[in-house]
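A short worksheet on the structure shown next.
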Amino acid sequence: MNKKSKYVEVMDTTLRDGEQTPGVSFRPEEKLQVAKVLLGEVKVDRIEVGSARVSEGEGEGAEKIFKWAEKAGKLDRVEILGFTDGGKSVDWIANLGGKAINLLTKGSEKHCRTQLRKEPEDHYNDACEIVEYAHKKGLIVNVYLEDWSNGIQDNPEYVREFIRRLAELPTARIMLPDTLGIMNPLVVGKLLEMTFSAAPKMRYDFHGHNDYGLATANSLAAVAAGINCVHTTVNSLGERAGNQCLAEFTAVLHDMSGYKSHINETKLDKISQIVQSVSTKRISSNRPVLGGDVFTQTCGVHADGDKKGNLYANPLLPERFGRKRKYALGKLSGKASIEKNLENLKIDLTPEQRKAVLTEVIRLGDRKKKITPEDLPFIIADVLKSPQSKVVEVIDYNVASQRGETPVANVKVQYKDKVLKAKSTGDGGYDAFMKAIRKALRSQQVLIPKLLDYTVHIPPGGKTDALVETTITWDVNGEPMMTLGVDSDQLVAAIEATEKMLNLVLNQG
């Protein structure tokens with residue numbers, strides 16, 4: 015229990031419990047990448063990276079992480095889920111070079127009797143034998159009491175006796191999962207107090223699930239009750255409604271509990287983006303702390319209030335998380351919204367010009383047109399009838415994809431006063447186009463920013479001729495830039511967004 019400490023540990027289980035998200039499976043090299051960022055940059059205290067004996071890929075991923083962690087002096091912070099299987103999990107972990115096992119046991123009598131078909135005494139003995147065997151093999155031993163949240167309510171003495179047995183052994187931590195996400199913050203403290211009394215000196219972890227949307231509230235209540243460590247996943251990956259979200263718990267802990275963690279908040283967005291990429295599971299745009307819209311003001315009144323004194327800012331400042339405040343453009347925009355975006359883009363207009371631009375932005379918003387800040391220079395050029403300087407223009411292109419053949423693209427590009435041509439193949443039509451563009455502009459020392467994200471929006475209804483909205487996010491000198499293209503052809507929309515990006519970058523440079 016941590017009542018005398020100002021710090022709460024965070025154990026992240028994205029690479030183990032996060033893989034229980036439907037459709038998510040990490041390759042060994044992806045696991046290593048995530049592990050390095052979690053331990054090395056985000057600064058979580060521990061990570062759980064897989065389950066013993068489930069597949070060859072799981073073993074390969076674990077071994078890669080173990081080797082890296084040993085060189086980095088972090089091996090004791092890397093953990094693997096193991097089972098009461100007569101010591102096979104222990105041997106598997108030890109043979110791969112691991113140093114810690116999280117032993118899965120039954121934390122409710124119902125699970126013990128119904129799933130294992132064992133008497134509690136037999137299960138206690140089986141688990142205790144594994145703890146002793148793992149300790150002899152040189153492993154740190156933590157024990158999960160699966161379904162603890164039901165077990166402590168259905169039969170408290172079953173749980174308490176199990177804990178008393180484990181406390182007599184070299185058990186480092188006992189981990190208390192709300193496996194089915196059934197807890198609420200009004201009862202967490204009482205149930206933890208009942209649990210702690212079985213072994214007051216033991217270290218305890220809390221492992222919350224989010225089925226009722228209460229994971230963060232439950233974790234906060236657990237910390238208040240004396241929990242030493244909270245388990246999380248990046249982006250709340252996990253079975254059903256997912257696990258406790260790392261970013262949300264960090265923000266709530268730091269702002270609302272009086273406790274701290276070792277988490278580097280400025281790296282939370284980075285790990286979120288990495289995990290979205292390797293898991294292919296995108297988070298919602300209004301997800302707290304991480305969502306694309308959460309630091310965006312839409313209402314012109316809010317932009318005006320921020321301009322006059324940050325009246326609409328709360329402690330969740332975007333800079334804490336390596337991000338910036340944005341001001342959306344649309345029918346709710348006001349003068350302050352336009353001024354904030356012009357300021358960021360370093361564009362100076364007269365009051366009359368600003369008014370005309372605002373009128374056009376509102377008109378486009380009324381027509382449900384999506385407008386990004388990067389669209390503003392083009393809107394200004396159109397409203398003021400002044401040509402936007404077009405440094406690059408895609409004059410012509412031909413992109414061919416055929417079954418069984420590698421896609422190929424031919425492009426003709428106008429760069430200033432020169433016409434450049436190039437041909438390239440790629441993994442898809444757009445990849446081939448981008449490689450051809452890079453080849454064409456390379457002779458002019460033009461470097462194309464890295465593509466960070468690519469999203470496509472097609473209105474529902476099943477119409478094959480519907481306009482496609484392609485939004486591409488680029489890394490421009492470490493800052494994200496988002497450009498938008500609209501066409502009935504997805505590739506054409508992507509090319510439009512790419513051309514827009516090139517002109518914005520080259521005009522800025």
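So for the sequence shown, my numbering puts the first residue at 15; every next one is plus one.
Even glycine gets a Cβ: it sits at the ideal position worked out from N, Cα and C.
### Task
Measure the C-alpha to C-alpha separation of Ser211 and Thr119 and round it to an integer number of angstroms.
20 Å
### Query
Just reading off the beta strand (DSSP E) that Leu465 is part of, what are its end residues?
464-471
### Task
Pull up the CB-CB distance for Tyr147 and Asn116, whole angstroms please, since I reckon it's below 8 Å.
The Cβ separation is near 15 Å, so there is no contact.
### Message
Do Val248 and Pro184 have their beta-carbon atoms positioned less than 8 Å apart in this structure?
### Response
no
### Query
Would you say Thr28 and Val289 are within 8 Å of each other, going by their C-beta atoms?
yes
### Query
Who does Ile94 pair with in a DSSP beta bridge?
Ile115
### Task
Using three-state DSSP, classify Leu343 as helix, strand or coil.
strand
### Nearest to His276 (by Cα), restricted to the options Lys284, Phe263, Gln287
Phe263
### Message
On a Cα-Cα basis, can you pick out the residue from Pro329, Ser299, Ala255 that is closest to Val266?
### Response
Pro329
### Query
Is the beta carbon of Met216 less than 8 Å from the beta carbon of Ile241?
no
### Message
Using a 10 Å radius around the Cβ and a threshold of 16 neighbouring Cβ atoms, would you call Met270 buried or exposed?
### Response
exposed
### Query
Is Arg337 helix, strand or coil by DSSP?
coil
### Query
Using DSSP with H/G/I as helix, E/B as strand and the rest coil, what is Tyr226?
coil
### Task
With a threshold of 16 other CB atoms inside 10 Å of the CB of Met343, please say whether the residue is buried or exposed.
In the sequence as displayed, the identity of residue 343 is Leu instead of Met. Classification of Leu343: buried, given that the 10 Å Cβ count is 16 or more.
### Message
Can you find the residues in the same chain that come closer than 7 Å, C-beta to C-beta, to Gln504, ignoring five residues on each side of it along the sequence?
### Response
Val470, Val482, Thr484
### Message
According to DSSP, is His245 part of a helix, a strand, or is it coil?
### Response
strand
#### Entry: Sequence-distant residues of its chain with Cβ nearer than 7 Å to Pro332 (five each side left out)
Phe309, Lys338, Arg339
### Query
Does the count of Cβ pairs from the region 454-467 and the region 513-520 closer than 8 Å reach three?
yes
#### Entry: Where Tyr273 sits in the DSSP three-state scheme
coil
### Task
Specify, as a first and last residue, the run of the alpha helix (DSSP H) that Pro184 falls within.
Counting along the chain, Pro184 falls outside any alpha helix (DSSP H), and DSSP gives it neither H nor E.
### Euclidean distance between Cα positions of Glu388 and Asp445
23 Å
### Query
When the Cα atoms are used, what is the spatial distance from His223 to Gly442?
39 Å
### Task
Mark Asp161 as exposed unless 16 or more other C-beta atoms lie within 10 angstroms of its C-beta, in which case mark it buried.
buried
### Message
Beta-carbon within less than 6 Å of Cys259's beta-carbon, same chain only, minus the 5 sequence neighbours each way: which residues are those?
### Response
Ser250
### Query
Just the Cα atoms here: how many angstroms apart are Ile61 and Arg452?
39 Å
### Query
How is Ser457 classed by DSSP in three states: helix, strand or coil?
coil
### Query
Is the distance from the Cβ of Tyr21 to the Cβ of Tyr273 below 8 Å?
yes
### Query
With respect to the alpha helix (DSSP H) encompassing Ser290, which residues constitute its N-terminal and C-terminal limits?
The sequence given here has Gln at residue 290, not Ser. Gln290 -> alpha helix (DSSP H) spans 282-293.
### Task
Below 8 Å on the Cβ atoms is my guess for Gly203 versus Gly165; work out the distance and round it to an integer in Å.
That pair is no contact at about 17 Å.
### Query
Are Gly252 and Gly440 touching if we call contact CB-CB under 8 Å?
no
### Message
Using a 10 Å radius around the Cβ and a threshold of 16 neighbouring Cβ atoms, would you call Leu53 buried or exposed?
### Response
buried
### Message
What does the alpha-carbon distance come out to for the pair Lys435 and Thr420?
### Response
20 Å
### Task
Give the DSSP bridge partners of Cys259, in chain order.
Thr247
### Message
If I measure Cβ to Cβ from Glu84 and keep anything under 8 Å in the same chain, skipping five residues before and after, which residues do I get?
### Response
Gly111
### Query
Is the beta carbon of Ala66 sitting closer than 8 Å to the one on Phe97?
yes
#### Entry: Helix, strand or coil at Pro494 according to DSSP, with G and I counted as helix
strand
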